[in-house]
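Participant: Residues in the sequence shown are numbered consecutively from 973, following my numbering. Quick one: this structure, given as structure tokens, is what I'll be asking you about.
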Amino acid sequence: MIKDDNERAAVDDFIRQVTVPILLDVGSTPALRGTGTLFSVHDKVFLITARHVLDDIDPSLFAFPENARRGHIHTLGSRQILKPADFRIDVAAMELQDPEVLKLVRSNWRTLTLANVAAPSPTTADQDVLVAGFPGALTKPEGGWLGGALVSHYTQRIPLVPEEMGDSFVYGKYPHNPDFDLYYDHNNEGTGLDGKLVATPKLEGVSGASIWEFVPQSGLLWTAESGARVVGIQSGYVRGKFLRAVNWKAVALVLDQSDPEISKAVRDAYSLGRG
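Quick look at the structure:
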């Protein structure tokens, strides 16, 4: 758990540098589609998000800001969209291949590595988990730019499957998957980057955001990189009740479509077998 405002600020700054609003380059002002997290392994760079964020969209429209604060909008250029063979798993990735885009990412953003991801704990204490993304309810056009806020929501793991997951009308496309699904409390208040409580907005736009879990420190020097680990990808929610996420180990299934060695590295990090 975060001890004070300095640690909170350090975590928020680190997360801001790896968390990307996924935009659509349409018209004079881009549209917000979802949230993604930059991840690199074996010198390749991926944007990890929820599968439904990428479904039914012309890939040439996907764009991102030049840097974490504002910057110009850039389309992703050449890229490979990767999805697991099982269509029910709501995780996907875009392998960024355009040289100019890769240069921008490496210069202006940060990327997670396997050292920044971990298996989720079976249970967590209140405030030991964070999801940070870009709610569409807090975005608005600003002179050709889509202004928005990165909102952090602190929560805890729910060990049981919420009753609402039986509602096939809401979750028929992605039914409960006991191998990958994670659930977390969702309250009516969240925390802004200034540490103040704000009314939690509707989370459309946060889909694809990373779920971060705070872990005990083994060394004397605390850092945001060593104090937080990504354990899942946010895929849905029922406001005031729960967040739904997909275990980050599902990314191994996604990366099977890219490179067997990369997929093996993810599986080894999670102690997974092939299959």
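Cβ coordinates follow ideal geometry from the N, Cα and C atoms, glycine included. Just so we're clear, the structure is a prediction, and the values are computed from it rather than from any experiment.
Report buried or exposed for ASN942, applying the criterion of at least 16 other Cβ atoms within 10 angstroms of its Cβ.
Facilitator: Here the chain comprises residues numbered 973 to 1247, so residue 942 is not present and cannot be evaluated.
Participant: At which residues does the alpha helix (DSSP H) containing ASP984 begin and terminate?
Facilitator: As a first step, residue 984 is located in the sequence shown; it is residue number 12 there, counting from the start. That run of the alpha helix (DSSP H) goes 977-990.
Participant: Would you please state the rounded distance, in angstroms, between the beta carbons of HIS1158 and LYS1213? I believe it to be under 8 Å.
Facilitator: Against the sequence shown, residue 1158 aligns to sequence position 186. Against the sequence shown, residue 1213 aligns to sequence position 241. About 6 Å; that satisfies the 8 Å criterion.
Participant: Run through DSSP, which three-state label would LEU1193 get?
Facilitator: Locating residue 1193 in the sequence shown gives position 221, counting from the first residue. Correct three-state label for LEU1193: coil.
Participant: By DSSP, does GLU1038 sit in helix, in strand, or in coil?
Facilitator: As a first step, residue 1038 is located in the sequence shown; it is residue number 66 there, counting from the start. DSSP places GLU1038 in coil when its eight states are reduced to three.
Participant: Under the three-state reduction of DSSP, which class applies to ASP1157: helix, strand or coil?
Facilitator: Along the sequence shown, read from residue 1 onward, the residue named residue 1157 stands at position 185. Looking at ASP1157 - three-state DSSP - the assignment turns out to be strand.
Participant: Please go through the stretch 1037-1107 and give each complete alpha helix (DSSP H) segment of 4 or more residues, from N-terminal end onward.
Facilitator: You should have 1071-1080.
Participant: Can you tell which of GLN1128, ASP1070 and PRO1092 has the C-alpha that lies nearest to the C-alpha of ALA1241?
Facilitator: The residue labelled residue 1241 in the question sits at position 269 within the sequence shown. Comparing Cα positions, the closest option is PRO1092.
Participant: For HIS1148, which residues in the same chain have their Cβ closer than 7 Å to its Cβ, ignoring the five residues on either side in sequence?
Facilitator: Working through the sequence shown from its first residue, we reach residue 1148 at position 176. Excluding sequence neighbours, HIS1148 sits near VAL1133 and MET1137.
Participant: In or out: LYS1221 buried (at least 16 other Cβ within 10 Å) or exposed?
Facilitator: Residue numbering aside, residue 1221 sits at position 249 when the sequence shown is read from its first letter. Answer is buried; the Cβ neighbour count reaches 16.
Participant: Could you compute how far the alpha carbon of LEU1227 sits from the alpha carbon of ALA1097?
Facilitator: The count along the sequence shown starts at 1 and reaches residue 1227 at position 255. The count along the sequence shown starts at 1 and reaches residue 1097 at position 125. Those two C-alpha atoms are separated by around 31 Å.
Participant: Measure the alpha-carbon distance for PHE1011 versus GLU1135 and round it to whole angstroms.
Facilitator: Along the sequence shown, one-based indexing puts residue 1011 at 39. Along the sequence shown, one-based indexing puts residue 1135 at 163. Near 33 Å, if we compare the C-alpha coordinates of GLU1135 and PHE1011.
Participant: Leaving aside the five residues before and after PHE1141 along the sequence, list all residues of the same chain whose C-beta is less than 7 Å from its C-beta, in chain order.
Facilitator: Within the sequence shown, numbered from 1, the residue matching residue 1141 stands at position 169. In this predicted model, PHE1141 has a pLDDT of only 44, less than 50, meaning its place in the structure is not dependable; the value taken from the coordinates is given anyway. Closer than 7 Å at Cβ, skipping near neighbours: no residue.
Participant: Please confirm if LEU1132 has its CB atom under 9 Å from at least one CB of chain C.
Facilitator: Within the model displayed, chain C is absent; a lone protein chain is all it includes.
Participant: Of all the options HIS1046, ILE1061, VAL1013 and ASP985, which has the alpha carbon lying nearest to the alpha carbon of ALA1003?
Facilitator: Within the sequence shown, residue 1003 is the residue found at index 31, counting from 1. Checking every option, the nearest Cα to that of ALA1003 belongs to HIS1046.
Participant: What do you reckon, are the CB atoms on SER1179 and GLY1006 nearer than 9 Å?
Facilitator: For this step, residue 1179 is matched to residue 207 along the sequence shown. For this step, residue 1006 is matched to residue 34 along the sequence shown. Against a cut-off of 9 Å, the Cβ pair of GLY1006 and SER1179 comes out as a contact.
Participant: Just curious, the alpha helix (DSSP H) that ALA1181 is in, first and last residue?
Facilitator: Stepping through the sequence shown from its first residue, residue 1181 is reached at position 209. Run containing ALA1181: none; DSSP gives neither H nor E here.
Participant: In its own chain, which residues sit with a C-beta less than 8 Å from the C-beta of ALA1022, not counting the 5 before and 5 after it?
Facilitator: Numbered from 1 along the sequence shown, position 50 holds the residue referred to as residue 1022. Same-chain partners within the cutoff: GLY1006, ASP1062, VAL1063, ALA1064, SER1179, GLY1180, ILE1205, GLN1206, SER1207 and VAL1218.
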